[in-house]
Every structure is written in C-alpha cells, then in structure tokens.
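Written out below as structure tokens is the structure these notes cover.
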Amino acid sequence: MAPERATASCFCGAVKLEFPVEGVDLVDTFICNCTDCRTITASMFASNFIIKNSSLKHLSGEDKLTKFAQSQTIATGSTMENSFCSVCGTLMYRRSSGFPTNSVLRIGTVDDFNLHDTKLKPRIEQFTKDRVGWFHGGEGVKQVEGNYYTGGKEWKDTGKHKM
Ligand SMILES: [Zn+2]
Ligand SMILES: [Zn+2]
1 MAPERATASC FCGAVKLEFP VEGVDLVDTF ICNCTDCRTI TASMFASNFI IKNSSLKHLS
61 GEDKLTKFAQ SQTIATGSTM ENSFCSVCGT LMYRRSSGFP TNSVLRIGTV DDFNLHDTKL
121 KPRIEQFTKD RVGWFHGGEG VKQVEGNYYT GGKEWKDTGK HKM
C-alpha cells in the first residue's frame, strides 16, 4: 500500500506541495528553538517535518517561490536555502547543503490540521538551550539541548537514516 500523502499551502494559496505523511520518506518531525528559527518564523520556535525530495511534489506555484540562502549563522557551516512564496511570504521549506536530498517543511502549512496532532506531531525538540523561558516545550516530545541531527543521533525508523 502506498504511504498516505497530504498537501501543504502557503497563506495566499499560490504554492501547494504534496508529500507522504508516513513511511521512510517522512524522515522526521521536530520543533526547533534556535535563534534563526525565531527570526525566520517571526515567532519563538519552528515546527518542522523532513521529507525526501524524491517524494516531494510541487502541485502549483513552484515558479512563485523565491529563495534566500546563507551560511553565516548555521552552526554546521552548511548553507541553508529557504523557499518562500513571493506573493504572501510564507516559508514553505528549507534545504541544507549538508543534506541536499531532504527538504524541511513547516507543520503549520499542512492543510489537514488533524495531521499536526497525529502523524506530523513533533518527535524531537532541539535547541532547548535557546528556548524562551515562558515556553516549556512540546508535551511528550524528546528534548535535546543543541542540534539533534548533527550529534550522530538516530532518525526515526531505527536509524535507517543515520548520519
Ligand atoms: Zn503565498
Ligand atoms: Zn532552528
């Protein structure tokens, strides 16, 4: 049986993505409190999920995406490329030069809000050292002080995606 898929949309609806919400191509789900995520979301943390590029489809608006990339503030020295809707400004996904086959999408853009609470619920919360004092983290989410994904840690699915 093919893995269940879902869609994500930007705020204005110009950009629409499609991706699996189960199986090995859903690499992981996580919250990030790092200082970049604060600024880039204009909020206090980002809630993300990682999809293999090979199973990420652009249903519409790929030509509407505008990209911004930099490496100065990335702890690993990788370049992070961010793809925004050029009409409404929604950040749709990020790609790191360190993991060029993955895209980091945003849980909040997923059209089926039920998935935010179920299949896409964050598994990991990273950079808790940078978390604001009034937020105590995701309930039932594994907490990590720094960068979870560069510590040789295992991804979901018993380490199949170990880096
Ligand atoms: Zn838009
Ligand atoms: Zn972050």
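For what it's worth, full-length UniProt numbering labels the leading residue of the sequence shown as 1, then goes sequentially.
C-beta atoms are modelled at their ideal positions from N, C-alpha and C, and glycine is treated no differently.
Bridge partners - residue i, DSSP secondary structure assignment
| i | result |
| --- | --- |
| residue 104 | 50, 94 |
| residue 142 | 124 |
Collapsed DSSP secondary structure at residue i in the structure displayed
| i | result |
| --- | --- |
| residue 43 | coil |
| residue 116 | helix |
| residue 131 | coil |
| residue 109 | helix |
| residue 12 | coil |
Environment of residue i [buried if 16+ CB atoms lie within 10 Å]
| i | result |
| --- | --- |
| residue 132 | exposed |
| residue 80 | buried |
| residue 120 | buried |
| residue 1 | exposed |
Rounded distance between the beta-carbons of residue j and residue i, thought under 8 Å
| i | j | result |
| --- | --- | --- |
| residue 27 | residue 102 | 6 Å |
| residue 22 | residue 4 | 5 Å |
| residue 189 | residue 9 | One cannot answer for residue 189 here, as it falls past the ends of the chain, which runs 1 to 163. |
| residue 49 | residue 31 | So it is not a contact: roughly 10 Å between Cβ atoms. |
Check whether residue i and residue j have beta carbons under 7 Å apart
| i | j | result |
| --- | --- | --- |
| residue 96 | residue 78 | yes |
| residue 104 | residue 61 | no |
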